[in-house]
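FYI, this note's numbering numbers position 309 of the sequence shown as 309, with every residue one higher than the one before it. By construction, the Cβ of each residue, glycine as well, lies at the ideal position given by its N, Cα and C atoms. Since this is a predicted model, take the numbers as computed values, not measurements. Just below is one structure, and these are the notes that go with it.
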Amino acid sequence: MKILQDKKIVLAITGGIAAYKTPELVRRLKEQGADVRVVLTASAKAFVSSLSLQAVSGYAVADSLLDPQAELAMGHIELAKWADLILIAPATANIIAKLAHGLADDLLSTLCLATSAPIAIAPAMNQQMWHAPATQENIATLINRQIAILGPGAGEQACGDVGLGRMLDVDELVSLSTQFFTPKILTEQHWVITAGPTREAIDPVRYISNHSSGKMGYALAQAALNAGAKVSLISGPVALTAPQGAHLINVSSALEMHQQSLMLAEQADVFIACAAVADYRVAEVAKQKIKKHDDNDNMQLNLVKNPDIVADVAALTAKPFTVGFAAETQKVAQYAQEKLIRKNLDLIAANDVAQSNQGFNSDNNALQVFTRDQQFEIPLASKSKVAAQLVTIIAAQNNNKG
Ligand code: PMT
């Protein structure tokens with residue numbers, strides 16, 4: 001059965017340029033089984049047509065607080081009771097401020113006060129407006145009230161600025177909407193997940209690192225949270241916002257990640273090593289910036305091996321169910337299975353990082369998953385979809401381990 005089957009979603013659209021994507025969003029939510037009704041604010045009408053939204057949703061679009069067509073002429077109460085989820089996408093700085101302050105001066109703001117359904121917002125605005133202290137304080141207020149903040153994403157904006165403030169892609173929004181309906185199979189469980197790259201200092205201004213963006217690890221954290229787990233996310237330096245509800249531990253080097261991982265893994269049910277950890281670090285970090293010398297064209301760095309975090313977790317007496325990743329450019333299955341045994345893991349997820357459309361710093365991934373006696377394929381999809389499937393596999397394997 002589709003995860004959104006028969007779920008009633010109110011999609012509320014406010015006045016941002018990203019509103020042009022909403023007919024596609026309605027279509028995709030319906031494809032996943034949802035019943036979708038659309039609320040349009042006055043300014044949203046400048047960006048998307050009611051008629052298109054009516055055609056794709058199959059319902060007349062609601063845009064007025066006092067609606068003579070609605071039962072008892074109170075459309076907001078009807079919709080508020082009907083909804084299993086209210087998704088506001090795009091959500092402007094204005095609606096965010098109105099929600100934070102409890103205003104009720106139009107259909108949407110009134111609906112949000114009148115509902116007991118979960119509310120999720122997908123912010124979309126200029127990057128400066130997103131970073132404005134007023135917006136950030138309003139967002140913090142909404143987070144405190146358990147309103148889910150989906151995004152925003154970073155990139156080039158309609159106004160020409162570059163930065164945080166883009167509405168998440170339709171795919172991503174559909175996938176994140178499923179979190180409200182994911183069966184809570186992991187309540188009472190603590191999952192520890194590493195994500196992102198490590199940075200190994202050379203001197204005060206230089207370091208060795210890699211191309212991991214943290215997207216796969218953060219998607220896993222989100223998927224585990226969706227399924228009800230308590231999540232500790234040990235993250236190398238990345239440009240991502242931690243999923244709401246995760247306990248974020250920021251680290252930089254492999255040694256720091258090692259220390260935090262071993263401390264938290266002892267209390268964990270599941271440990272997932274998704275981080276791309278540097279295998280080596282510089283033996284002696286220079287105290288001052290290393291100077292370039294005109295008479296020397298070569299320079300040597302003396303490297304020493306970093307501890308293997310996931311192998312050390314797997315060696316704990318109170319070992320959690322331990323999952324590794326394998327990033328391989330050739331003989332993917334063979335090398336991954338060798339790592340599974342060598343590091344004494346319970347499960348390994350192998351990604352072929354030679355493919356440019358998956359793995360490092362991509363929005364998509366595909367995984368071959370191995371236990372000692374089983375094998376699963378997770379086909380190419382967005383990292384949030386892949387993460388949801390991997391979390392389901394890990395949960396089942398952990399349950400069956402006896
Ligand atoms: O972050 P993204 O841009 O989303 O990209 C995701 C990813 C490609 C980084 C991720 O899917 C992934 O494959 N992570 C593991 C990358 C890696 O370091 O692979 P490896 O084959 O070198 O290491 C094998 C396993 O040992 C990994 O679980 C790794 O976390 C772990 N390891 C490695 C070295 C070390 N010193 N300690 C470790 O725990």
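Which residues bound the alpha helix (DSSP H) around residue i?
{"i": "Ile185", "result": "No alpha helix (DSSP H) contains Ile185, which DSSP labels as neither H nor E."}
{"i": "Arg27", "result": "22-31"}
{"i": "Gly97", "result": "Residue identity differs from the one stated: residue 97 is Ala in this sequence, not Gly. 93-101 is the extent of the alpha helix (DSSP H) around Ala97."}
{"i": "Gln355", "result": "Run containing Gln355: none; DSSP gives neither H nor E here."}
{"i": "Leu345", "result": "Per DSSP, Leu345 belongs to no alpha helix (DSSP H) and is neither H nor E."}
Would a C-beta distance cut-off of 8 Å place residue i and residue j closer than the cut-off?
{"i": "Leu164", "j": "Gln127", "result": "yes"}
{"i": "Ile86", "j": "Leu111", "result": "yes"}
{"i": "Phe370", "j": "Ile348", "result": "yes"}
{"i": "Asn351", "j": "Leu367", "result": "yes"}
{"i": "Gln259", "j": "Ile249", "result": "no"}
{"i": "Ser212", "j": "Phe360", "result": "yes"}
{"i": "Ala278", "j": "Thr198", "result": "yes"}
{"i": "Trp191", "j": "Ala239", "result": "no"}
{"i": "Ala395", "j": "Leu186", "result": "yes"}
{"i": "Asp106", "j": "Leu79", "result": "no"}
{"i": "Ala265", "j": "Leu220", "result": "no"}
{"i": "Met167", "j": "Gly151", "result": "yes"}
{"i": "Ala227", "j": "Val386", "result": "no"}
{"i": "Tyr20", "j": "Val61", "result": "no"}
{"i": "Ala89", "j": "Leu176", "result": "no"}
{"i": "Lys8", "j": "Ala83", "result": "yes"}
{"i": "Asn398", "j": "Leu380", "result": "no"}
Whole angstroms is fine: what's the gap from residue i's alpha carbon to residue j's?
{"i": "Ser52", "j": "Ala18", "result": "15 Å"}
{"i": "Asn306", "j": "Met263", "result": "17 Å"}
{"i": "Asn400", "j": "Val270", "result": "13 Å"}
{"i": "Lys291", "j": "Arg281", "result": "20 Å"}
{"i": "Asn144", "j": "Ala158", "result": "30 Å"}
{"i": "Gln330", "j": "Ala254", "result": "25 Å"}
{"i": "Ser413", "j": "Thr182", "result": "Residue 413 is absent from the model: the chain starts at 1 and stops at 402."}
{"i": "Asp114", "j": "Thr141", "result": "Checking the sequence, you will find Ala at residue 114 rather than Asp. The straight-line gap from Cα to Cα measures roughly 18 Å."}
{"i": "Ala46", "j": "Phe180", "result": "30 Å"}
{"i": "Ile3", "j": "Asn298", "result": "58 Å"}
{"i": "Val56", "j": "Arg27", "result": "6 Å"}
{"i": "Val323", "j": "Lys81", "result": "42 Å"}
{"i": "Val38", "j": "Ile96", "result": "18 Å"}
{"i": "Ile77", "j": "Ala134", "result": "30 Å"}
{"i": "Pro118", "j": "Ala318", "result": "38 Å"}
{"i": "Leu173", "j": "Leu25", "result": "8 Å"}
{"i": "Asp67", "j": "Ala100", "result": "25 Å"}
{"i": "Pro404", "j": "Lys287", "result": "Residue 404 falls outside the range modelled here, since the chain spans only 1 to 402, and no answer is possible."}
{"i": "Ala246", "j": "Leu103", "result": "30 Å"}
{"i": "Glu200", "j": "Ser235", "result": "14 Å"}
{"i": "Asp169", "j": "Ser362", "result": "14 Å"}
{"i": "Gln389", "j": "Asp294", "result": "55 Å"}
{"i": "Met216", "j": "Gln358", "result": "10 Å"}
{"i": "His131", "j": "Lys230", "result": "29 Å"}
{"i": "Ser116", "j": "Asn138", "result": "20 Å"}
{"i": "Gly155", "j": "Ala93", "result": "18 Å"}
{"i": "Gln355", "j": "Ser50", "result": "42 Å"}
{"i": "Thr178", "j": "Ser382", "result": "14 Å"}
{"i": "Asn210", "j": "Glu188", "result": "35 Å"}
Determine the extent of the beta strand (DSSP E) in which residue i is found, giving its start and end residues.
{"i": "Ile208", "result": "206-208"}
{"i": "Gly324", "result": "321-328"}
{"i": "Leu176", "result": "Counting along the chain, Leu176 falls outside any beta strand (DSSP E), though it belongs to the alpha helix (DSSP H) covering 170-177."}
Pick from the options: whose alpha carbon is nearest that of residue i?
{"i": "Gly15", "options": "Ala219, Leu4, Pro123", "result": "Pro123"}
{"i": "Pro23", "options": "Asp171, Asn226, Leu4, Ser382", "result": "Asp171"}
{"i": "Val285", "options": "Gln300, Ser235, Gly228", "result": "Gln300"}
{"i": "Ser425", "options": "Cys274, Ile95, Val174", "result": "Summary: the structure shown does not reach residue 425, with the chain confined to residues 1 through 402, and so no result is reported for it."}
{"i": "Ile193", "options": "Gln222, Ser209, Asp169", "result": "Gln222"}
{"i": "Ala44", "options": "Asp63, Ala100, His247, Ile147", "result": "Asp63"}
{"i": "Glu31", "options": "Thr41, Pro243, Met1, Pro320", "result": "Met1"}
{"i": "Ala34", "options": "Ala42, Tyr59, Asp6, Gln54", "result": "Asp6"}
{"i": "Pro243", "options": "Gln267, Tyr218, Glu256, Met257", "result": "Tyr218"}
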